[in-house]
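2 protein chains.
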Amino acid sequence: MNQEPAPPVDVSLGQFQKLIRDMYFEKDQTRGVEGTFMWLMEEVGELSSALRGGTHEERVGEFADVLAWLTTIANVAGVDLADAVNQKYGSGCPGCGQFLCVCDDAEKP
Amino acid sequence: MNQEPAPPVDVSLGQFQKLIRDMYFEKDQTRGVEGTFMWLMEEVGELSSALRGGTHEERVGEFADVLAWLTTIANVAGVDLADAVNQKYGSGCPGCGQFLCVCDDAEKP
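So the protein lines, in turn, are chains A and B. Count along the first sequence starting at 1, add 5, and that's the number in the numbering used here. Count along the second sequence starting at 1, add 5, and that's the number in the numbering used here.
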């Protein structure tokens with residue numbers, strides 16, 4: 006009677022960016038960067054609210070939405086997110102170059 | 006003489022979240038959600054600026070930073086980003102359920 010939950014799917018940034026592109030790109034391109042940025046800000050506000058007083062499930066949903074809208078803007082701006090994080094963080098902290106950051110707290114990049 | 010660029014690394018959300026956790030978690034936990042959220046907002050502002058007037062390379066760097074700070078908050082809040090996007094977008098658009106969204110433009114989730 007007990008059902009095992011499905012194992013989590015650890016999607017890659019490239020796969021997620023393609024999913025969002027396939028799902029929404031035509032609308033996103035029509036709306037443009039400015040209009041899409043306003044949607045991102047709305048979702049950031051909802052994330053803030055969920056972090057202050059929401060349930061864990063609400064927070065999970067808001068993180069997904071912020072990530073989706075950030076990805077949408079990346080699609081419109083022609084930025085590859087996997088490439089972006091690999092360039093900036095793939096060789097260690099961009100501040101100190103270490104994989105366990107030793108930057109001063111005020112300097113965390 | 007010509008060097009081929011290395012192939013892009015399509016990191017998974019889980020791998021990236023672990024990278025950021027390993028690199029920064031001790032500081033992040035000490036700073037907490039509120040202080041970390043302010044860093045995220047600073048980076049969102051820099052992304053806005055880069056989208057308005059920056060170079061492509063500057064935009065790439067700012068997308069990476071926003072993603073890193075969003076991931077940092079997820080670490081502090083105990084949210085698994087891969088699980089979050091899989092729950093919300095893994096079965097299609099959360100508004101219409103389709104993999105090519107047919108929601109009304111005003112309703113895009």
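Just so you know, even glycine gets a beta-carbon here, dropped at the ideal spot from N, CA and C.
Check: Between B/I78 and the rest of its own chain, which residues show a CB-CB distance below 7 Å, the 5 nearest in sequence each way excluded?; Outcome: V38, T41, F42, L45
Check: Give me the Cβ distance between A/V14 and B/V84, rounded to the nearest whole Å; I'm assuming they're in contact under 8 Å.; Outcome: The Cβ separation is near 16 Å, so there is no contact.
Check: In three-state DSSP terms, what is A/S17?; Outcome: strand
Check: Under a three-way DSSP split, which group does B/F104 fall into?; Outcome: coil
Check: Under the rule that 16 or more other beta-carbon atoms within 10 Å means buried, what is B/S53, buried or exposed?; Outcome: buried
Check: Find the nearest neighbour of B/K23 within the set A/G97, A/G102, A/D109, A/V107, judged by alpha-carbon distance.; Outcome: A/G97
Check: Provide the residue span of the alpha helix (DSSP H) that contains B/D88, from first to last.; Outcome: 86-94
Check: Please list the partners that B/G19 has in chain A, where partner means a Cβ-to-Cβ separation under 7 Å.; Outcome: D15
Check: Report yes or no: is there a C-beta of chain A within less than 8 Å of the C-beta of B/K23?; Outcome: no
Check: Could you work out which residue in A/E48, A/W74, A/L18 is closest to A/F30 when comparing CA atoms only?; Outcome: A/W74
Check: Taking only beta carbons into account, state which residues of the stretch 90-104 of chain B come closer than 9 Å to chain A, listed in chain order.; Outcome: V90, N91, Q92, K93, Y94, G95, G97, C98, P99, Q103, F104
Check: Report the rounded CA-to-CA distance for B/F68 versus B/Q92, giving the unit in angstroms.; Outcome: 23 Å
Check: Going by DSSP in three states, B/G40 sits in which element: helix, strand or coil?; Outcome: helix
Check: With a CB to CB cut of under 8 Å and the five nearest residues on each side skipped, what residues in its chain are close to B/G102?; Outcome: S96
Check: Short of 6 Å in beta carbon distance, which residues of its chain neighbour A/C106, apart from the five on each side in sequence? Order them along the chain.; Outcome: C98
Check: Anything in chain B within Cβ reach of A/M28, meaning under 9 Å, just list it in chain order.; Outcome: Y94, G97, C98, Q103, F104, L105, C106
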